[in-house]
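Asker: In order, the protein sequences belong to chains A and B. So for the first sequence, this note's numbering puts the first residue at 1; every next one is plus one. So for the second sequence, this note's numbering puts the first residue at 1; every next one is plus one.
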Amino acid sequence: MRQYLLAVHMVEGEPTPTEEQTQQAYKAVDAFNAEVRSAGAWGFAGGLHPATTATVVRSQGGQVITTDGPFAETKEQLGGFWVIKAPDLDAALAWAAKGSEACAAPVEVRPFQDPAEED
Amino acid sequence: MPGADAAAIERTYRESSGRAVATLIRFFGDIDLAEEAVQEAFTVAAERWPAVGVPPNPGGWIVTTARNKAVDRLRRESSRYGREAQAALLRADTGSSETGPLHDDRLRLIFTCCHPALAPEARLALTLRLIAGLQTAGIARAFLVPEATVAQRLVRAKRKIRDAGIPYRVPRDAELPDRLPFVLAVVYLVFNEGYMASAGDDLIRSELCTEAIRLARLLAELMPDEPEVWGLLALLLLTEARRQARTGPDGSLVLLADQDRGRWDHALMAEGADLVRACLRRNRPGPYQLQAAISAVHGDAPTAAQTDWGQILALYDQLITIAPTPVVALNRCVAVAELRGPSEALAIVDQLDLDGYHLFHSTRADLLRRLGRYDDARAAYDAAIARTANRAEQSFLRHRRDSL
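If you want it as structure tokens, here you go:
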């Protein structure tokens, strides 16, 4: 089994979803998570606070520089992610399509360098 | 006779290298390993065949030798790569006896090469490299881009197939409608590369055309409910049917209007026309079916003068609404020129952004010639000559230019 990161991309400055839309997305994501678990494809997942809460640390030769804000100054930021197990890219893309539908945002699929550990 | 052996190796390479690479990829799941092993097998053939003779089944010999080369390499490297190499060795020992269209190695490989997770340019480059066995320079010319760009696309695409785990299989029924159009585009490009090889003296590389038609037939067998697959097959057959008439005795190009229609392959032409009629009955038109229909109208005309240009323009009008590309617009202008005159056609051609495409300049040149603008026509022929590396085409264009 391979491992893939499904990264949810959020666009900063987009209109905030209504309470109802947020609740709807939570419900859909919960259902998606349950489906991933029951298929045995679950690795790990999490939603992130907005990029405004990010801090970047650079350490070189013992000197640490800490700066406020995300690493990349772009509008698109990581909003959350899944780590899933899948036999190949087609299977991972199929999960990504369902995940994208559930959280109403684009999902980037990235392969891990190491295969998944067998259960 | 060493010359005969060199020719046998050359022929085996053209006929069998693509199939051998595809089979080795199935064995080992590693494109680079497969390509290198097949290359090594041909090196061994070049050393051994002159001494011991050409084996009865040269293609099979290449696959077996390449497989042994790859196994040797994996054994040498298995201490370094551990489990991965062991797994590949295991696969090489098991999966080898599948047959039938679903198990055609090249069909599997073409769907891998045309996977939507790869960039469109990479899909074409990979298919031409791995299925058609083209060199990077030939692919570069087919794309109208620098060779280094193609080389980089190939490296990146192969890395992505390996690292992202793009599978090596024919897609399931439900996935086919999404996956098929790009496969068809690539098969068509393979055919075109063979029909009008972009570089060198060899105008027609028949094995590429044969390969493309074989793949189109296989796709039709595998997906009989897809009218565009039949449309593509019809288009290839109708084009192939005119091949003999397309070159003169000295190897020079002969335009459609000047071809000896008695030299057309009427059996292929009839098969293509039958497929076009079957497509019409289905009434689910698509770009390949329409292009095939246009080709069939040309085929119906006993002489060039009797060509039904009205019907051809109507088909182009339909084609350009579903495939509004500059190349379609350019081809449509040939019919416009016949029906409404070169001046109207030139006005459309001049709007098109196709500067890198030699046929854009040769079409312009021809229209300018018909309008009596000989200096402009000469410059346009020069531009066309500068944009093709095919010597037969260059000499044809030079001849047209010099007879102004």
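For glycine and all other residues, C-beta sits at the position ideal for the given N, C-alpha and C. The structure displayed is predicted, hence computed values, not measured ones.
Does A/A39 pass the burial test, meaning 16 or more other C-beta atoms within 10 Å, or should it be called exposed?
Answerer: One-based indexing of the first sequence puts residue 39 of chain A at position 39. So A/A39 ends up on the exposed side.
Asker: Can you list, in chain order, the residues of its chain with a C-beta nearer than 8 Å to that of B/L275? Leave out the 5 residues immediately preceding and following it.
Answerer: Here residue 275 of chain B refers to the residue found at position 275 of the second sequence. So the list reads W230, G231, L233, A234, L237, A292, once near-sequence residues are dropped.
Asker: In or out: B/F396 buried (at least 16 other Cβ within 10 Å) or exposed?
Answerer: On the second sequence, position 396 is the one that residue 396 of chain B refers to. Classification of B/F396: buried, given that the 10 Å Cβ count is 16 or more.
Asker: Assign B/L203 to buried or exposed, taking buried as 16 or more other Cβ atoms, counted over all protein chains shown, within 10 Å of its Cβ.
Answerer: Counted from its first residue, the second sequence places residue 203 of chain B at position 203. The predicted position of B/L203 is uncertain, since its pLDDT is 42 and thus under 50; no value can be drawn from it.
Asker: When the Cα of B/L107 is compared with those of B/S17, B/L313, B/V187, B/R401, which residue comes out closest?
Answerer: The residue labelled residue 107 of chain B in the question sits at position 107 within the second sequence. Here the closest residue by C-alpha is B/V187.
Asker: Chain A partners of B/D163, CB-CB under 7 Å?
Answerer: Within the second sequence, residue 163 of chain B is the residue found at index 163, counting from 1. Correct list: P111.
Asker: Looking at C-alpha atoms only, which residue of B/A66, B/P56, B/G138, B/V44 is the closest neighbour of B/R26?
Answerer: Taking the second sequence and counting its residues from 1, the one referred to as residue 26 of chain B is at position 26. Checking every option, the nearest Cα to that of B/R26 belongs to B/A66.
Asker: If contact means a Cβ-Cβ distance below 7 Å, which residues of the stretch 100-125 of chain B contact chain A?
Answerer: A117
Asker: Tell whether a beta-carbon distance below 8 Å holds between A/A45 and A/V107.
Answerer: Position 45 of the first sequence, counting from 1, holds the residue named residue 45 of chain A. Position 107 of the first sequence, counting from 1, holds the residue named residue 107 of chain A. Cβ distance not < 8 Å, so A/A45 and A/V107 don't count as in contact.
Asker: Would B/I31 count as contacting chain A if we go by Cβ distances under 8 Å?
Answerer: Stepping through the second sequence from its first residue, residue 31 of chain B is reached at position 31. Chain A contact via Cβ: absent.
Asker: Taking its Cβ as the centre, do 16 or more other Cβ atoms sit within 10 Å of A/Y26, making it buried, or is it exposed?
Answerer: Counting from one through the first sequence, the residue named residue 26 of chain A turns up at place 26. Per the 10 Å Cβ criterion, exposed.
Asker: Would you mind stating whether B/L346 and B/L368 have Cβ atoms separated by less than 8 Å?
Answerer: The residue you call residue 346 of chain B lines up with position 346 of the second sequence. The residue you call residue 368 of chain B lines up with position 368 of the second sequence. Going by beta carbons, B/L346 and B/L368 fall inside the 8 Å limit.
Asker: To be precise: take each residue of the stretch 81-94 of chain A, compare its Cβ to all Cβ atoms of chain B, and keep it if any distance is under 9 Å. Which residues remain?
Answerer: A86, P87, D88, L89, D90, A91, A92, L93
Asker: Is A/R146 close to chain B, meaning its C-beta is less than 8 Å from at least one C-beta of that chain?
Answerer: Outside the displayed span of chain A (1 to 119) sits residue 146 of chain A, for which this structure offers no information.
Asker: For B/H298, count neighbouring C-beta atoms within 10 Å of its own C-beta (all shown protein chains included) and say buried if the count is 16 or more, exposed if not.
Answerer: Translated into positions along the second sequence, residue 298 of chain B becomes position 298. That one is buried.
Asker: Can you give the Cα-Cα distance for B/E15 and B/G59, rounded to whole angstroms?
Answerer: For the purposes of this step, residue 15 of chain B is taken as residue 15 along the second sequence, with counting starting at 1. For the purposes of this step, residue 59 of chain B is taken as residue 59 along the second sequence, with counting starting at 1. Approximately 8 Å, taken between the alpha carbons.
Asker: Check A/F71 in the structure and name its three-state DSSP category.
Answerer: The residue labelled residue 71 of chain A in the question sits at position 71 within the first sequence. Residue state, collapsed to three classes: coil.
Asker: Counting pairs of beta carbons, one from the stretch 214-222 of chain B and one from the stretch 351-366 of chain B, are three or more of them closer than 8 Å?
Answerer: No, the stretch 214-222 of chain B is not in contact with the stretch 351-366 of chain B.
Asker: Note down the Cα distance separating B/I62 from B/R261, rounded to an integer number of angstroms.
Answerer: Walking along the second sequence from the start, residue 62 of chain B turns up at place 62. Walking along the second sequence from the start, residue 261 of chain B turns up at place 261. B/I62 and B/R261: Cα-Cα distance of roughly 41 Å.
Asker: Who are the Cβ neighbours of B/S96 in its own chain at under 6 Å, not counting the five residues just before and after it?
Answerer: Position 96 of the second sequence, counted from the start, is the residue given in the question as residue 96 of chain B. Any reading at B/S96 needs caution, since the residue's pLDDT is 49, under 50, leaving its predicted position unreliable; the model's value is listed next. For B/S96, where only same-chain residues beyond five positions count, there are no Cβ hits under 6 Å.
Asker: Measuring CB atoms only, is the stretch 125-133 of chain B touching the stretch 150-164 of chain B, in the sense that at least three cross pairs come out at less than 8 Å?
Answerer: yes
Asker: Taking DSSP as the reference, what is the three-state secondary structure of A/Q63?
Answerer: In the first sequence, residue 63 of chain A corresponds to position 63, counting from 1. A/Q63 falls in the strand class under three-state DSSP.
Asker: Report the residue from B/Q152, B/Y13, B/E175, B/G18 whose alpha carbon sits nearest the alpha carbon of A/A91.
Answerer: Along the first sequence, one-based indexing puts residue 91 of chain A at 91. Looking at the Cα atoms, B/E175 is the closest of the given residues.
Asker: Taking the beta strand (DSSP E) that B/H266 falls in, what are its first and last residues?
Answerer: Working through the second sequence from its first residue, we reach residue 266 of chain B at position 266. Here B/H266 belongs to no beta strand (DSSP E); instead the alpha helix (DSSP H) covers 266-282.
Asker: Can you find a C-beta in chain B that's less than 8 Å from the C-beta of A/P15?
Answerer: Against the first sequence, residue 15 of chain A aligns to sequence position 15. No, its Cβ sits nowhere closer than 8 Å to a Cβ of chain B.
Asker: Short of 7 Å in beta carbon distance, which residues of its chain neighbour B/A212, apart from the five on each side in sequence? Order them along the chain.
Answerer: The residue given as residue 212 of chain B occupies position 212 in the second sequence. Excluding sequence neighbours, B/A212 sits near V187, V190, F191, G194, L236.
Asker: Within the chosen definition, does the stretch 279-291 of chain B reach the stretch 313-323 of chain B through at least 3 CB pairs nearer than 8 Å?
Answerer: Touching, yes, given that three or more Cβ pairs across the two stretches are closer than 8 Å.
Asker: Quick one: which unbroken alpha helix (DSSP H) runs of 4-plus residues sit fully inside the stretch 22-109 of chain A? Chain order, please.
Answerer: 89-103
Asker: Kindly list the residues whose CB is nearer than 7 Å to the CB of A/Q81, restricted to its own chain and excluding five residues on each side of it in sequence; keep chain order.
Answerer: Indexing the first sequence from 1 puts residue 81 of chain A at position 81. For clarity, residue 81 of chain A is Phe in the given sequence; the question names Gln instead. The answer, listed in chain order, is L5, L6, A7, V8, A45, G46.
Asker: Counting only C-beta atoms, is B/I166 closer than 8 Å to chain A at any point?
Answerer: Counting from one through the second sequence, the residue named residue 166 of chain B turns up at place 166. The C-beta of B/I166 comes closer than 8 Å to at least one C-beta of chain A.
Asker: So for B/V254, helix, strand or coil by DSSP?
Answerer: Position 254 of the second sequence holds residue 254 of chain B. Coil.
Asker: How far does the beta strand (DSSP E) with A/V8 in it extend, from its first residue to its last?
Answerer: Locating residue 8 of chain A in the first sequence gives position 8, counting from the first residue. Counting along the chain, the beta strand (DSSP E) containing A/V8 begins and ends at 2-11.
Asker: Sort A/E14, A/V36, A/I65 by Cα distance to A/P50 and report the nearest one.
Answerer: Taking the first sequence and counting its residues from 1, one reaches residue 50 of chain A at position 50. Ranking the options by Cα distance to A/P50, first place goes to A/E14.
Asker: Taking 8 Å as the CB-CB cut-off, is A/A97 touching chain B?
Answerer: Working through the first sequence from its first residue, we reach residue 97 of chain A at position 97. Not an interface residue.
Asker: Select from A/K85, A/N33, A/G61, A/V56 the residue whose C-alpha is nearest the C-alpha of A/K98.
Answerer: As a first step, residue 98 of chain A must be located in the first sequence, where it is residue number 98. Of the listed residues, the one whose Cα sits closest to A/K98 is A/N33.
Asker: Starting from B/S343, trace the alpha helix (DSSP H) in both directions and tell me its first and last residue.
Answerer: As a working note, residue 343 of chain B is residue 343 in the second sequence. First-last of the alpha helix (DSSP H) with B/S343: 342-349.
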